[in-house]
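Peer 1: Provided herewith is a single structure, encoded as structure tokens, for subsequent inquiry.
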Amino acid sequence: MDLRIYQENGHGNAVGEHGNEPVEMEVDVDGYPLADTVDFDSYMEFKPPEKPEASIKATKMVSTAASGPVSYYKKHGDDVKGHFFYLVYEEGLTAGKAGKQLGIARRTAYDWLKKDQDLIVESRDGLETKKTEKKVGRPALLNEEHKKHLEETFIDHPSATLDQAIESLTNQFSELKVTKTTVYNFMMEKCAL
Numbered sequence: 023m024d025l026r027i028y029q030e031n032g033h034g035n036a037v038g039e040h041g042n043e044p045v046e047m048e049v050d051v052d053g054y055p056l057a058d059t060v061d062f063d064s065y066m067e068f069k070p071p072e073k074p075e076a077s078i079k080a081t082k083m084v085s086t087a088a089s090g091p092v093s094y095y096k097k098h099g100d101d102v103k104g105h106f107f108y109l110v111y112e113e114g115l116t117a118g119k120a121g122k123q124l125g126i127a128r129r130t131a132y133d134w135l136k137k138d139q140d141l142i143v144e145s146r147d148g149l150e151t152k153k154t155e156k157k158v159g160r161p162a163l164l165n166e167e168h169k170k171h172l173e174e175t176f177i178d179h180p181s182a183t184l185d186q187a188i189e190s191l192t193n194q195f196s197e198l199k200v201t202k203t204t205v206y207n208f209m210m211e212k213c214a215l
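Counting from 23, one number per residue, gives the positions in the sequence shown under the numbering used here.
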């Protein structure tokens, strides 16, 4: 088929690419039925059917030659994961068998199970540490009694020094042996003095 492009030459006349005038032709109404060529319904009847859209289960990851071969992966919804965990925990199937029933890759099934079990262990550990809350390490030398004594001492004598605080503590508590650093840190952290 020969395609010709016509344009205006500046004088209001149509000319072709090479400056030729277009060929005039009379259109016979019966020879060129315009309604048949533009009718949308007939166009749809003669149009070849389109391919049906299939649900895409595997998505192709496009990769360059440098990054390696093309790989496929499946995205599983929450309903599939829920059914998987039902089969594992309620029905007692292994992760591999439950994955096979649902069309999940074996490695993916075991990864899901491991992540879920890790979350369970973390939540249990968090609850246990909140319940027990045992302090690790050596018990503190100075306790609430010492705190009370230091607060009373500094309320009575606000200009007392650290040496005077240590002397007051050792006089009040005869078996207590502490360093200046210990008393200083205790006063700063616990007593807010």
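By construction, the Cβ of each residue, glycine as well, lies at the ideal position given by its N, Cα and C atoms. If you're wondering where the values come from, they're calculated on a predicted model, not measured in any experiment.
By alpha-carbon positions, which one of P180, F208, T175, T203 ends up nearest to N193?
Peer 2: T175
Peer 1: Is Y206 close to the ligand NAD? I mean its beta-carbon at under 7 angstroms from any heavy atom of the ligand.
Peer 2: What this structure holds is no ligand at all, so the ligand NAD is not there to describe.
Peer 1: Is the segment 121-137 in contact with the segment 161-168, if contact means three or more CB pairs nearer than 8 angstroms?
Peer 2: no
Peer 1: Just to confirm the assignment, what range does the alpha helix (DSSP H) spanning G32 have?
Peer 2: No alpha helix (DSSP H) holds G32; DSSP gives it neither H nor E.
Peer 1: To the nearest angstrom, report how far apart H40 and H33 are at their CA atoms.
Peer 2: 16 angstroms
Peer 1: L136 by DSSP, collapsed to three states: which one?
Peer 2: This sequence places Lys at residue 136; Leu is not what is there. When DSSP states are grouped into helix, strand and coil, K136 belongs to the helix group.
Peer 1: By a C-beta neighbour count over all protein chains shown, 10 Å radius and 16 as the cutoff for buried, is M210 buried or exposed?
Peer 2: exposed
Peer 1: Run through DSSP, which three-state label would K122 get?
Peer 2: helix
Peer 1: Could you check the C-alpha separation between G121 and D100 for me, to the nearest Å?
Peer 2: Those two C-alpha atoms are separated by around 14 angstroms.
Peer 1: Does the beta-carbon of V110 have 16 or more other beta-carbons within 10 angstroms, so that it is buried, or is it exposed?
Peer 2: buried
Peer 1: Is the distance from the Cβ of K157 to the Cβ of C213 below 8 angstroms?
Peer 2: no
Peer 1: By how many angstroms is the C-alpha of E166 removed from the C-alpha of K199?
Peer 2: 16 angstroms
Peer 1: Rounded to whole angstroms, what is the Cα-Cα separation between G118 and M66?
Peer 2: Approximately 49 angstroms, taken between the alpha carbons.
Peer 1: Going by C-alpha to C-alpha distance, which of S196, L184, E197 sits closest to T204?
Peer 2: L184
Peer 1: Quick check: the Cα distance between H171 and L141, rounded to an integer number of angstroms?
Peer 2: 47 angstroms
Peer 1: Under a Cβ-count criterion, where at least 16 other Cβ atoms within 10 Å of its own Cβ denotes burial, should A187 be classed as buried or exposed?
Peer 2: buried
Peer 1: Spatial neighbours of D138 within its chain, please: CB distance less than 8 angstroms, with the 5 preceding and 5 following residues excluded, ordered by chain position.
Peer 2: F107
Peer 1: Using the C-alpha atoms, what's the distance from N35 back to Q29?
Peer 2: 8 angstroms
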